[in-house]
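Just below is one structure, and these are the notes that go with it.
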Amino acid sequence: MFGRGNRFPAAKHPEFDAYKHGAFLEKQDRFTKEKPSEVPGPGAYNMEQKTTTSKSGTGTRIASGDRYALLQRKVEELERLHAENKKNHLAEVERLKLELSRAQATHAEQTGRNDKLKKQNDALDTRVQELKRINLSDQSEIKDLRAKLRVSEHERTQLAAKQGETGEAKKALQSLDAKRRDEVRERDKKISELEKALALEKKRKDGLEVRLSEIKGKVGAEVQEARAAALTLESELQETKLESEKAKFALANLKSQAEDAEGELLSQLEQHRLVLSRVAEEYGRLASSTVSTAEYERTKHESISLQFRILRLERKLANAEDQVVEVANLVRATKEDNTILSKQLRDVAEEAMFYSSALSDLLEERIPDPTSMRVVEEAMTSLRRNIEDSRLAVQAFSSQDRASWAEFDHMRTEQLLLHSSFLVKHLDEAQALAEQQRARLADAENRQSQLAAELSTASFRHDTIQVQLVEATASLAMAKVAEEMLKKEAEEAQKRSKAEVARLEGAVKQERETSQRLASAVQQGKAAEEALNAEIDQLATDLAEAERYQEAYTNLVEEVDSLISRNALAEEEAHRLSKFNAEILGHHNPAQRIMYVDKIRRELHDTKQQLLISTRDRDTVLDENDDLRNELELYKSVAVPLNSKPRTTVTRVTRMPLTNQSMNTSANTRGLAHTKSTNNLVKRLETTPELEYKEGDMTVEEIL
């Protein structure tokens, strides 16, 4: 009929971690000395259930203790693992350090090898660059030789084509020879003048060299004298520097000693002054406040008693404050316990009222159920037992409160006794300290008299040291002035010697430049003469080759004339034979039209002859056109061959062409000529009129 179980849920133990255990313990109530009430809720009137709840509480405590031990073991295991990991980590670090040292050694070796290889690579690169330069120079020379070869071949073809210009070339050569002779005479005159000027310059140079040697001797003597003077000055300067350094060192020592002595004396004087002022103040204070010994002892005793009283009151105040705090905590705790107990009593009264009403209801219903009556009686007995337990608990709490107050009073009395004994001991120590201070005051007066005597002697020594310091500073200033004068003299001597040497070097440099200019002018004259001689030799060889080509050209012309005459005879003979053949074949039969074939053959032969003549004329015209184009391009372009310069008033600077333009121009002109010749041939063939076919004419098949 009624639900069995606790009305109020049991308090669960928080499952906190091991590191939070101390924090939860600190927050627990320190004043609850009694165990919490274990009043069961409704339906918990069975004694067996009560025993099980108490066992469960102890079980939770045991479980928490086991859990704490388990956590402690886990912490120890983690510490052991941490130590092992630390050892492993240290071993790994050592191994890595060894590997790092090995790697650094190998890296150093590799860097050394790399440096050696870099040096070898640099040497090989320099060698490769030299070989490349040599290769480029060789290639440029090969290109120059090829260009010269092409130019010579082109000139040879031009000379072979220009057979009619040999006479003009001879005349031009003669005129060039005459001009060359004139130029050679003028050059000889210039060379003789330059030789004379060179002789004069040599004489002048010899005179300047003699003068220069004399000046060098003089300057060398002056330089030696200046060097000797400079050395003497430097030695004197070194001596003065050493003396000045010694004086500075002595002065610094004296200064440091004087400063130390002065500092010590000043510190001692200041200390004595302070001691004297302190003694005077104390003496004045004592003199102003001097009283009789009895009155002093009485006031001292009163002050000490007042101090003890103040200390006692302060201690009582502190104890009272601590006691108030403790009492407040106790009152707060008792109030909380009383509220909890009142709540529990209220709950119990409500449960009793509930069960009494339930019992009255049951009695009114008058149901003869012995089990229910027995349950009700058990509940009533348990309720009475619980009420009695709560009353006993209240009495125990009040008795415990009284015991705690009695213990607190006992502790307070013990503390007061201890404090009074401490104050008595402190009074004895203060009296002993006063006696010691009196003895120290007498010693300080004796020390002050001794220090006054020492101060007088130290002031006398300080005056003597000040006089010595003034003398040392004066001597040091004189040494510095002498050192500055010696430095200025040495610098002036060095400047004079440097200016004289620079002037002589400039004169020698000018003489060298003039001699170099004369030598370069002579070398240029010689090079120009050699170039003219080479040009004359080249023209002579070209003239000999032109004469040989002229003879070959005359022979070719004679052979061509003979071939033309033989061709004319052959043509006449062929004409006669064709006419005779036509007469034989035709038998003067006009119906067969054999004469038409003969006419066609003659026309074909004439066209062939004309075609050969026209091709020959065309070849000559093309050659002339090529020559004219080449000459025009020579005037227009900088790619002028060295051996065929156009004779103009404009002076050209010969340089190597950027490309083989002579080949390109010749090839282009030849291609254009070839295309023009083919176009002319096609035009001529196209312009030949075609005869119309008439009735009775023979066809090609009939002729064949």
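In my numbering, the protein residues as written are 200 to 903. Note that beta-carbon positions come from the ideal geometry of N, C-alpha and C, so glycine has one too. Remember, it's a predicted structure, so these values are computed and weren't measured experimentally.
Reference residue i; option with closest CA among the options
i              : options                        : result
glutamate 653  : Asp736, Gly705, Glu830, Glu463 : Glu463
glutamine 912  : Gln649, Thr663, Arg711         : An answer regarding residue 912 cannot be provided, because it is not within the stretch 200 to 903 covered by the chain.
glutamate 729  : Val383, Asn824, Arg801, Glu770 : Val383
leucine 510    : Glu413, Thr498, Leu617         : Leu617
glutamine 693  : Glu550, Val707, Glu577, Glu424 : Glu424
isoleucine 763 : Gln808, Leu776, Glu744         : Gln808
glutamate 577  : Leu591, Ser559, Tyr554, Ala592 : Tyr554
glutamine 437  : Lys388, Ser777, Lys679         : Lys679
aspartate 642  : Arg312, Gln467, Asn313, Val474 : Val474
serine 672     : Ala449, Gln303, Leu269         : Looking at the sequence itself, residue 672 is threonine, so the reference to serine does not match. Answer by Cα proximity: Ala449.
glutamine 722  : Glu394, Asp405, Asp381         : Glu394
serine 777     : Gly406, Arg332, Lys798         : Lys798
lysine 404     : Arg272, Leu811, Ala706         : Ala706
asparagine 428 : Glu691, His609, Leu738, Lys515 : Going by the sequence as given, residue 428 is alanine instead of asparagine. Measuring from the Cα of alanine 428, the nearest candidate turns out to be Glu691.
Rounded separation between residue i and residue j - CA only
i              : j                 : result
serine 476     : phenylalanine 507 : 34 Å
alanine 185    : arginine 301      : In the structure displayed, the chain extends from 200 to 903; residue 185 sits before or after that span and is not available.
glutamate 683  : alanine 457       : 29 Å
lysine 445     : glutamate 670     : 15 Å
alanine 733    : alanine 720       : 20 Å
serine 761     : threonine 806     : 21 Å
threonine 325  : leucine 755       : 60 Å
glutamine 715  : leucine 316       : 46 Å
alanine 676    : threonine 439     : 12 Å
alanine 460    : asparagine 645    : 23 Å
lysine 417     : leucine 717       : 29 Å
aspartate 521  : glutamate 549     : 42 Å
asparagine 284 : asparagine 528    : 50 Å
asparagine 863 : glutamate 832     : In this predicted model, asparagine 863 has a pLDDT of only 44, less than 50, meaning its place in the structure is not dependable; the value taken from the coordinates is given anyway. About 12 Å.
arginine 695   : alanine 451       : 39 Å
glutamate 771  : arginine 800      : 13 Å
glutamine 309  : arginine 294      : 22 Å
glutamate 480  : tyrosine 495      : 20 Å
leucine 299    : leucine 289       : 15 Å
leucine 703    : arginine 426      : 18 Å
lysine 402     : alanine 396       : 10 Å
asparagine 585 : alanine 592       : 10 Å
arginine 815   : tyrosine 748      : 20 Å
arginine 472   : glutamate 501     : 36 Å
alanine 769    : threonine 819     : 25 Å
serine 559     : arginine 531      : 41 Å
leucine 323    : lysine 708        : 41 Å
alanine 268    : arginine 279      : 16 Å
aspartate 736  : lysine 378        : 15 Å
glutamate 746  : arginine 332      : 43 Å
valine 478     : arginine 484      : 10 Å
Beta carbon of residue i nearer than 9 Å to that of residue j
i              : j                 : result
leucine 685    : glutamate 442     : no
threonine 713  : glutamate 400     : yes
threonine 533  : phenylalanine 596 : yes
leucine 430    : glutamate 688     : no
glutamate 699  : glutamate 408     : no
alanine 773    : histidine 804     : yes
asparagine 829 : histidine 353     : yes
Cβ shell of residue i (< 7 Å), same chain only, five flanking positions each side left out
i             : result
lysine 882    : Its pLDDT being 44, under 50, lysine 882 is placed unreliably in this model, and the coordinates cannot settle the point.
alanine 307   : none
leucine 277   : none
alanine 210   : Residue confidence for alanine 210 is low, a pLDDT of 49 falling below 50, so the modelled location carries little weight and cannot support an answer.
alanine 743   : none
glutamate 587 : none
Cutoff 6 Å; reference residue i; Cβ partners in own chain excluding five residues on either side
i              : result
isoleucine 390 : Gly724
Sequence-distant residues of its chain with Cβ nearer than 8 Å to residue i (five each side left out)
i            : result
arginine 660 : Ala460
alanine 493  : none
Chain B contact for residue i (CB, 9 Å cutoff)
i           : result
alanine 398 : In the structure shown, chain B cannot be found, because there is only a single protein chain.
Residue i CB to nearest heavy atom of the ligand NAP below 8 Å
i             : result
glutamine 338 : With respect to small molecules bound, the structure shown includes none, and the ligand NAP cannot be examined in it.
Could you name each continuous beta strand (DSSP E) segment of 3 residues or more that falls completely within the region 675-702, going from the start of the chain to the end? none
Fully enclosed by the region 796-832, which beta strand (DSSP E) runs are 3 residues long or longer? none
Let me know the beta strand (DSSP E) ranges lying completely inside the region 487-540, each 3 residues or longer, listed in chain order. none
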